[in-house]
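The structure appears right after this line, and notes come after that.
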Amino acid sequence: MRSEEQVATAAVPDPTGSPDGGGLPRAASHAVMLRQFLTFGIIGGSGVLVNMAVVILCNRSGPDATGIVWPIVFTPWSVRWYHVYSTLAFLVANVSNFFLNRRLTFSDSRHMTVRSQFWPFFCVGAIGQLFVLGINTLLLNPTSPLFLDFAWMDSTTGLRKPEYWAQLTSLVLVTPLSFILNKVWSFASHRAHRYPTSPQTPDENTSDQDNPEHY
Numbered sequence: 001m002r003s004e005e006q007v008a009t010a011a012v013p014d015p016t017g018s019p020d021g022g023g024l025p026r027a028a029s030h031a032v033m034l035r036q037f038l039t040f041g042i043i044g045g046s047g048v049l050v051n052m053a054v055v056i057l058c059n060r061s062g063p064d065a066t067g068i069v070w071p072i073v074f075t076p077w078s079v080r081w082y083h084v085y086s087t088l089a090f091l092v093a094n095v096s097n098f099f100l101n102r103r104l105t106f107s108d109s110r111h112m113t114v115r116s117q118f119w120p121f122f123c124v125g126a127i128g129q130l131f132v133l134g135i136n137t138l139l140l141n142p143t144s145p146l147f148l149d150f151a152w153m154d155s156t157t158g159l160r161k162p163e164y165w166a167q168l169t170s171l172v173l174v175t176p177l178s179f180i181l182n183k184v185w186s187f188a189s190h191r192a193h194r195y196p197t198s199p200q201t202p203d204e205n206t207s208d209q210d211n212p213e214h215y
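Mapped onto UniProt numbering, the consecutive letters of the sequence shown carry residue numbers 1 to 215.
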């Protein structure tokens with residue numbers, strides 16, 4: 001029979017988070033976090049390319065990006081086509097980023113089902129997209145103090161279109177937030193499955209009664 005000291009020691013979880021007590025040291029943990037962030041950034045870069053490709057395609061084939069889709073009732077604001085184009089681009093890029101991050105960035109979570117991870121990932125992306133839409137509005141609304149009022153942004157070429165620069169700026173600013181939320185939510189739930197809590201120690205009185213040494 002184990003002593004009380006052994007039982008107490010076994011009941012205390014390892015502070016490193018490893019089930020066998022051999023968790024990564026702090027420096028190694030930081031290295032893993034850095035690797036994940038860099039991988040997430042590279043995948044995010046590919047997502048930016050996908051996102052921008054959809055935005056450019058929509059701008060070239062659809063109505064003028066600054067045109068009104070519908071006014072927001074009881075407000076002076078309106079939903080404009082650049083909001084619609086940005087949202088369509090988000091939907092396409094979000095799916096691409098999810099499967100790449102699942103395979104490469106957070107590969108230790110692949111034992112979880114796609115469905116259980118996709119919806120948190122999508123919700124995180126949707127939160128980020130709200131920020132993107134807000135930043136786009138600030139950069140493209142002529143009444144905003146952050147309006148992209150530069151002489152060279154005259155929309156004569158793709159590199160001069162303020163809509164493209166607004167979308168790109170928004171994506172760069174929102175990426176760190178998306179990484180943090182996905183790290184702590186979308187791809188973090190697997191820890192509870194990989195490291196289950198240790199089974200409860202049998203009641204000491206019951207163990208003593210069943211132990212033949214006490215007879």
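We put the beta carbon where it would ideally sit given N, CA and C, even for glycine.
Helix, strand or coil: which one does DSSP assign to residue i?
i, result
"H30", "helix"
"residue 216", "Not covered by the structure: residue 216. The range shown for the chain is 1 to 215."
"W165", "helix"
"N136", "helix"
"R191", "Any reading at R191 is ruled out, since the residue's pLDDT is 48, under 50, leaving its predicted position unreliable."
"G125", "helix"
"T157", "coil"
"T175", "helix"
"T87", "helix"
"N101", "helix"
"G44", "helix"
"T113", "coil"
Applying the criterion that 16 or more other CB atoms from any shown protein chain within 10 Å of the CB defines a buried residue, is residue i buried or exposed?
i, result
"R80", "buried"
"F40", "buried"
"T105", "buried"
"V124", "buried"
"S86", "buried"
"S178", "buried"
"L34", "exposed"
"V132", "buried"
"G128", "buried"
"F150", "exposed"
"A65", "buried"
"A27", "exposed"
"F90", "buried"
"F187", "buried"
What does DSSP give as the partner residue(s) for residue i in the beta ladder?
i, result
"W70", "V79"
Report back the beta-carbon spacing between residue i and residue j to the nearest angstrom; my notes put them in contact at under 8 Å.
i, j, result
"N97", "G44", "7 Å"
"L148", "L140", "7 Å"
"L171", "V48", "5 Å"
"Q167", "N136", "6 Å"
"W185", "P120", "5 Å"
"F182", "N101", "The amino acid at residue 182 is misidentified as Phe; the sequence shows Asn. With 8 Å as the limit, N182 and N101 qualify as a contact, their Cβ atoms being about 7 Å apart."
"L138", "L146", "4 Å"
Looking at residue i and the ligand GTP, is the gap between the Cβ and the nearest heavy atom below 7 Å?
i, result
"V124", "As presented, the structure is devoid of all ligands, the ligand GTP included, so that no description of it is given."
Practice task
Give a yes or no on contact between the region 163-176 and the region 51-70, applying the rule of three or more CB pairs nearer than 8 Å.
Solution key: Contact holds: three or more Cβ-Cβ distances are below 8 Å.
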